[in-house]
Amino acid sequence: MNHKQVTTLWCRVIVEELIRQGAGFFCISPGSRSTPLTLAVAANPNTRFRMFPDERSAGFYALGYARATGKPAVLICTSGTAVANYFPAVVEADADAQPMLVLSADRPFELLDAGANQTIRQQDIFGSYTRWSLELPEPGTGTPLASLLSTVDQAVKRSLGTPAGPVHLNLPFREPLEPESHDLAHPWVEPLRNWLASEQPWCRFEQPRTAPDADALTALRQILANAERPLFVAGSMNKADDAKAVGALADSLDIPLFADLTSGLRLSKACQPWQLAFQNETFAASFSPDVVIHFGGALIGKQPAMTLRKDPPFHYVVVRNHPGRFNPDHNVTLSIEASPAAVVSALSECRKPAEMGGCAALFSEVAHTIDTAVCAPDEPVNEISAPRIISSLTGNDHSLFVANSMPARDMDLYAAPKTDKPLRVELNRGVSGIDGIISTAAGFAAGLDKPAMLLIGDISFLHDLNALSLLAQAANPLIVIVLNNRGGGIFSFLPIASQTQRLDECFATPQSFSIESAARTFDLDYACPATNREFSDLYTEALERNDSLIIEIKSDRQANLLLHRTLKAQLDPIFEEADCFSTR
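Residue numbers (my numbering): 3 to 586.
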């Protein structure tokens, strides 16, 4: 076999084994050095792939696909800065335990550190952010193809392991790069004879299942049995079964449940928005749980942690299926590595239900106040009413992606739980960046194979503007609601706002780009409703379509700050007069 034939077969074996391991969706960016991999993907009838001019957007698209499917998408790029543009998405995948496979093409050995064009040190470029990183040899018949197959198997296994995360394979190729037909009767291929004749992967693997430790469960039962003022916290959870189990347990034991937007429970009809209660100073001062059982990972809001720092609980238990440390306040007294659902099944009979006394009525009054104060039909649509309307109108045949900064906080605080079955909501909260949000939401919609909604701020929108090119295709219908307050609105809520005269210049960074022009540039429909009624009608109509749409909601940062403060002032008396926070 000549060099081109060896390289062609090398890449086709890699692609075929990825497909057999369930990693058959490829996000490819064009480039010369990656030609053998790209054409191997295109030549295989069982692949699904999409081309991306921008590797950064491709990385986040792959991240969104993983969030939707639980499977890794395979990223393929050429050498040089192309692979470096994956870095932000790799970091997010690492932090939030999302599977991802990066296959970067590279220059051969003789071109490294020799002044050759488009050549950088790619091996281990992502450092500690990968679950596994390996440089493959240059294609050659001296390398057994079986070792190539087992390497692919190990890459997929590591990506899907506990915790899941990104894996990087660096593949150097020597020119010529063009494909050439090859002879499968060659002795080099003979050991793969059975593999070629089958449709099975070279090596099957099963991921280990972590069962709760018996002694830890005994301790946890005792802690909960002795608790006088228990609190359940539902943080970030990737599996719907875990969220459902935690919600059911809190309901059956009548224990307050603080459900974060990332938990999968926040938009459940049975869930109460305790976020708003924790914002009230009187409640924060009087509510003192002696036991906190925290299921899952991090929270969006800081208020629960701030409240607990003032009067730490006697026991703080963390339950999540992840071996990493989750103890940002260093107050955890028991950590259990297991799925929340498995732990819940061991707790269901350990405590008799107790009466909470009037909390349903309390939160009904809270909801009425919010709807009256900011959601009146003929009032201007605003940064509180928009997430509330979105959450109340979006059905379970759609999904919701929320950008970081103020959109995440406002949806977490003011969403209106409506459906008995929680709405699927996703966020990039691993490291909470504002980059790549449109790309991630597009990949999320593609992975779910159904329309999705995206709530995003104007700076995040601008940060990923080129990703609008993904939305003009029918495969990716995405309704994008842009909250445009011409800058970083979150800085108006931070202490720095009252301590500098240079808030706009150095922090909010106001922008004057046209969202309508951006939509038209990428051949997307655009609308800009003025009132809550107009937005509700427009959004309801958009849900019935199968097309992408950009909806701009114009806002003012100072007016938005005042609106939040005014609403809080209206809600405070309700929480201060409530009688359902007393010690039980």
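Cβ atoms here follow ideal geometry from the backbone N, Cα and C, with glycine treated the same way.
Predicted, not measured: the structure shown is a model, and the values here were computed from it.
Asked                                                                                                         : Found
Buried/exposed call for GLY33, threshold 16 Cβ in 10 Å                                                        : buried
Helix, strand or coil at VAL191 [DSSP, three-state]                                                           : coil
Exposure of GLN209, with buried meaning 16 or more beta-carbon neighbours within 10 Å                         : exposed
For ILE338, three-class secondary structure by DSSP                                                           : strand
Inside the stretch 439-500 only - alpha helix (DSSP H) runs reaching at least 4 residues                      : 439-450 and 460-465
Of the residues LEU565, ALA448, VAL293 and ASP539, the one placed nearest ILE553, counting alpha carbons only : ASP539
Local Cβ density within 10 Å of ASN4, reported as buried at 16 or more and exposed below that                 : exposed
Alpha-carbon spacing of ASN329 relative to ASP244, whole angstroms                                            : 20 Å
Three-way DSSP call (helix, strand, coil) for PRO382 in this model                                            : strand
For ASP380 and ARG535, believed in contact at Cβ under 8 Å, the rounded distance                              : 6 Å
Exposed unless 16 or more other CB atoms sit within 10 angstroms - verdict on SER53                           : The amino acid at residue 53 is misidentified as Ser; the sequence shows Met. So MET53 ends up on the exposed side.
Pick from LEU429, ALA91 and VAL93 that is closest to ARG411, judged by C-alpha positions                      : LEU429
Exposure of PRO315, with buried meaning 16 or more beta-carbon neighbours within 10 Å                         : buried
The alpha helix (DSSP H) enclosing CYS29, as first and last residue numbers                                   : Per DSSP, CYS29 belongs to no alpha helix (DSSP H); it is in the beta strand (DSSP E), 27-30.
Nearest-angstrom Cβ-Cβ length linking ARG14 and ALA44, presumed shorter than 8 Å                              : Actually they are not in contact, since the Cβ atoms of ARG14 and ALA44 sit about 11 Å apart, beyond 8 Å.
Distance, LEU255 Cα to MET358 Cα                                                                              : Confidence is the limiting factor: at MET358 the pLDDT is only 49, short of 50, which leaves the residue's position unreliable and the question unanswerable from this model.
Limits of the unbroken beta strand (DSSP E) element including PHE51                                           : 50-53
One or two residues paired with MET408 in a DSSP bridge                                                       : DSSP, once it has assigned bridges, lists no residue as partnering MET408.
Cβ-heavy atom distance, VAL383 to the ligand SAH, below 6 Å                                                   : This structure simply doesn't include the ligand SAH, nor any ligand for that matter.
Limits of the beta strand (DSSP E) - the one that PRO258 falls within                                         : Premise fails: PRO258 is in no beta strand (DSSP E) and is neither H nor E.
Simplified DSSP state of TYR88, which is helix, strand or coil                                                : coil
Pair within 7 Å by beta-carbon distance, VAL555 and VAL383                                                    : For clarity, residue 555 is Ile in the given sequence; the question names Val instead. Going by C-beta atoms, ILE555 is nearer than 7 Å to VAL383.
Start-to-end residues for the beta strand (DSSP E) that takes in ASP108                                       : 102-108
Cα-Cα separation between THR374 and LYS271, rounded to whole angstroms                                        : 20 Å
For ASN172, the three-state DSSP class (helix, strand or coil)                                                : strand
C-beta contact flag for ASP527 and PRO479 at 7 Å                                                              : no
VAL319 vs ILE295 beta-carbon contact at 7 Å                                                                   : yes
Rounded Cβ spacing between ALA68 and GLN100 (contact assumed at less than 8 Å)                                : 4 Å
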